[in-house]
Amino acid sequence: MNDTIKVFHTGFGIIETPDLKRGRANADFGQGFYASDNEEFSRRWAKYRKDRTTYISSYALDLSGLKIRSFQRDEDWFSYLYDNRYHKEDRYQDYDLIIGPIANDTIYDTFGIITSGALTKDEAMKLLLLGKEYRQIVLKTPKSLEHLSFLSYKPIPEEEILSYRALVLKEQEEYQKQFVETMKEF
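So in numbering that gives the first Met the number 0, spot 120 of the sequence shown is number 119, and the numbers just go up one at a time.
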């Protein structure tokens, strides 16, 4: 059995040796190096700036011997996201990799509505389940980085980035319609 997968990271720099401390501590799965095993997904979230080149880097990730926590869109995932977004202690800090769905862009608004008392956690969970599901892989420990090998990089052309941005915008508009319709149920 082959325990090696190919993962991708998109950014303005070429990252041959990732730094676990560079990412935001309050991201979905806490601080770490975020990647995806879906190249098209990684390309679609590329950012564009006139003065910078955007690159997609590819890596081989050997999963053997790593402690991995995988999530589905469920209550445990929701709770973990919530805790990370609000800087609570990372209950999965001893895991090398965290794999699971990306929270949609309204997560802060949804969490804010929960803390205001306007939504229950069940209602918030229903909102977070809307829209397409994309998966992320987060390397959390130095051991996980030892299992990561840089393969290559390619610049992503401006036209491709802008084309994907238009697609993402269309998905976000559809999500917003679903959000409004779901809110009417509450």
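Glycine included, C-beta positions come from ideal geometry on N, C-alpha and C.
Treat the numbers as computed from the prediction; the structure is a model and nothing was measured.
Under a Cβ-count criterion, where at least 16 other Cβ atoms within 10 Å of its own Cβ denotes burial, should residue i be classed as buried or exposed?
| i | result |
| --- | --- |
| A59 | exposed |
| I67 | exposed |
| D168 | First, the residue type needs correcting, since residue 168 is Leu and not Asp in the sequence shown. L168 should be labelled exposed. |
| T52 | exposed |
| A202 | Limits of the chain in this structure are 0 at one end and 185 at the other, which puts residue 202 out of reach. |
| W139 | Residue identity check: residue 139 is Lys in the sequence provided, not Trp. Classification of K139: buried, given that the 10 Å Cβ count is 16 or more. |
| A24 | exposed |
Looking only at DSSP bridge pairs, what is residue i linked to?
| i | result |
| --- | --- |
| R68 | I97 |
| Q177 | Paired residue(s): none; Q177 is not in a bridge. |
| P154 | Y54 |
| I136 | A34 and I98 |
| T9 | I55 |
| D61 | T3 |
| F149 | Y58 |
Could you check what DSSP says for residue i in three-state terms: helix, strand or coil?
| i | result |
| --- | --- |
| Q171 | helix |
| I4 | strand |
| D36 | coil |
| A187 | This structure gives no information on residue 187, because the portion of the chain shown stretches from 0 to 185. |
| D73 | coil |
| S78 | helix |
| D121 | helix |
| L126 | helix |
Pull up the distance between the alpha-carbon of residue i and that of residue j, whole angstroms please.
| i | j | result |
| --- | --- | --- |
| F149 | Y133 | 23 Å |
| L80 | E38 | 24 Å |
| L128 | S63 | 31 Å |
| D50 | P154 | 14 Å |
- [ ] Taking 8 Å as the threshold, find out whether the stretch 5-12 comes into contact with the stretch 68-79 through three or more Cβ pairs.
- [x] Contact between the stretch 5-12 and the stretch 68-79 is absent, because fewer than three Cβ pairs lie under 8 Å.
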